[in-house]
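In what follows, a structure is listed as structure tokens, so that the remarks can point back to it.
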Amino acid sequence: MAVRDRIIVGLDIGTTKICCIITELKDNGDLEVIGFGLSSSKGLRRGLVVNMEQTVEAIGCCVEDAERMAGIRVDEVFTGIAGGHIQGISSSGVIAVKGDEITESDKKRVVDQAKDFAKPVGVETIHVLPQEFCVDDICGIVNPVGMAGSKLEARVHIVTGSVSAVSNITKCAQKAGLGLQDIVLQQIASAASILTPDERQLGVILMDIGGGTSDIAVFNEGSIRHTAVLALGGDYVTNDIAVGLRTPIAEAERLKIKYGHAIASRVSSDEQIEVPSIGGDMVNTVPRRILAEIIESRVEELFKLAYTEIRNTNLGEALSAGLVLTGGASSLEGVADLAEGIMHMPVRIGYPRGVKGLVELVNSPAYATAVG
């Protein structure tokens, strides 16, 4: 296999950051990180492109940095997609089997029937994800090909998105000189890099806390069972800090990262932090606990929304592996403990797994999508 055929590039086009990770597939199946680039993102809002020029420029900058580090030229990438326009629904289809055994053609035909439903104007299918097959009402079958039966049913999870949103992501990549090998739902990409096979089998929630939205995927018995997008993310926390402490957005983000805590009671009431004012003409001294109280209020709201979303799926009892948090905001101190108290299940922070090479550059929940 030629070296170029071994190169796999992930591009995460997010609301707060755009990152590019270049990997090389080794003979033993390992992925080795050989290039990494990162740019701030100002051209998206809640996962939607609102300024194409800024987005294209940021893509170009981070890809160039990754190319320089890897010493190669990137032509094609896999990119993730997220945002409030994403919808997930479960569907099923049933066909009669005509031959003595089920064929690949039968399998394709029943999946095609399952995904054949009326979509609103301006919506397209991004993924059709098989959950299980049933042969003559015997369910839980992963692959029915070769089995005997007269009736075949497919149960699938379908992910749809806005045609214009998908098109704009594609155009941004193309204007940056890149071809798209595929567009992947952000939760699926993150899951590929951080979830274990046991977690997928036993039942787990993946929650990717981005800047503009928080994306949820529920897995059970090895398959994806539910997806959802919550209209809250790390940028809302930053905005609350900026308003509450009367400080610029950039300073609010810095304070969140450096001094933030999701559980205010764990912060000493005596500890003080310096907060620059809007306009930069003075610096105020503020108890760190006040910062934590602002953060806790918004993050608590986020996890209560997530709890309600999961409860409405009736899958709560089948999630023995609990909740895995990823995305940049999941690095906030105390966030896992706060989530555990609200969600009533074990919680861990998800880091990219199964990669080698420049691991120290990508070993963060913030880069789970690009690695996946």
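If you want this note's numbering, it's the position in the sequence shown, counting the first as 1, plus 524. Positions of the beta carbon are idealized from the N, C-alpha and C atoms, including for glycine.
Buried/exposed call for residue i, threshold 16 Cβ in 10 Å
i: Gln710; result: buried
i: Thr809; result: exposed
i: Asp732; result: buried
i: Thr720; result: exposed
i: Phe641; result: exposed
i: Val533; result: buried
i: Asn838; result: exposed
i: Ile531; result: buried
i: Arg597; result: exposed
i: Met525; result: With a pLDDT of 41 at Met525, under the threshold of 50, the predicted position of this residue should be treated as unreliable, though the coordinate-derived value follows. Met525 should be labelled exposed.
i: Gly664; result: exposed
i: Ala853; result: buried
i: Ile605; result: buried
i: Val886; result: buried
i: Lys780; result: buried
i: Ala845; result: buried
Residue i - DSSP class collapsed to helix/strand/coil
i: Leu769; result: helix
i: Ala620; result: strand
i: Arg749; result: strand
i: Ala678; result: strand
i: Pro654; result: strand
i: Ala755; result: coil
i: Met731; result: strand
i: Ala741; result: strand
i: Ser614; result: strand
i: Lys880; result: strand
i: Leu849; result: strand
i: Ser844; result: coil
i: Val645; result: coil
i: Lys639; result: coil
i: Leu862; result: helix
i: Asp529; result: helix
7 Å Cβ cutoff met for residue i and residue j
i: Ala860; j: Ala816; result: no
i: His681; j: Leu653; result: yes
i: Ser563; j: Ile542; result: yes
i: Asp554; j: Lys880; result: yes
i: Val871; j: Leu847; result: yes
i: Leu535; j: Thr603; result: yes
i: Val761; j: Asp739; result: no
i: Gly670; j: Glu625; result: yes
i: Cys696; j: Glu677; result: no
i: Ala786; j: Ile819; result: yes
i: Leu572; j: Gly538; result: no
i: Gly851; j: Gly734; result: yes
i: Ala715; j: Ala741; result: yes
i: Val683; j: Gly612; result: yes
i: Arg812; j: Glu798; result: no
i: Ser629; j: Arg679; result: no
i: Gly784; j: Asp759; result: no
Distance cut-off 6 Å: residue i Cβ against heavy atoms of the ligand ZN
i: Asp529; result: The model on display carries no ligand, and the ligand ZN is accordingly not part of it.
**Report entry** Contained beta strand (DSSP E) runs [length at least 3] in the stretch 548-603, N- to C-terminal order
**Finding:** Segments of the beta strand (DSSP E) lying fully in the stretch 548-603: 555-564.
Query raised in the report: With contact counted as at least three CB pairs below 8 Å, one residue from each stretch, are the stretch 716-731 and the stretch 762-771 in contact?
Result: Judged by pairs of C-beta atoms under 8 Å, the stretch 716-731 does not touch the stretch 762-771, as fewer than three such pairs exist.
Query - Three or more C-beta pairs below 8 Å linking the stretch 811-831 and the stretch 864-871 - result: A contact exists between the stretch 811-831 and the stretch 864-871.
Report task. Ignoring anything shorter than 3 residues or poking outside the stretch 765-841, list the beta strand (DSSP E) runs there in chain order. Result -> Fully enclosed beta strand (DSSP E) runs of 3 or longer: 796-800, 807-811.
Query raised in the report: Is the stretch 586-599 close to the stretch 629-639, with three or more CB pairs under 8 Å?
Result: The stretch 586-599, when compared against the stretch 629-639, does not touch it at the 8 Å Cβ threshold.
Query - Contact the stretch 640-651 vs the stretch 790-798: 3+ CB pairs below 8 Å - result: Contact between the stretch 640-651 and the stretch 790-798 is absent, because fewer than three Cβ pairs lie under 8 Å.
Query raised in the report: Are the stretch 682-690 and the stretch 656-672 touching, with three or more C-beta to C-beta distances below 8 Å?
Result: The stretch 682-690 is not in contact with the stretch 656-672.
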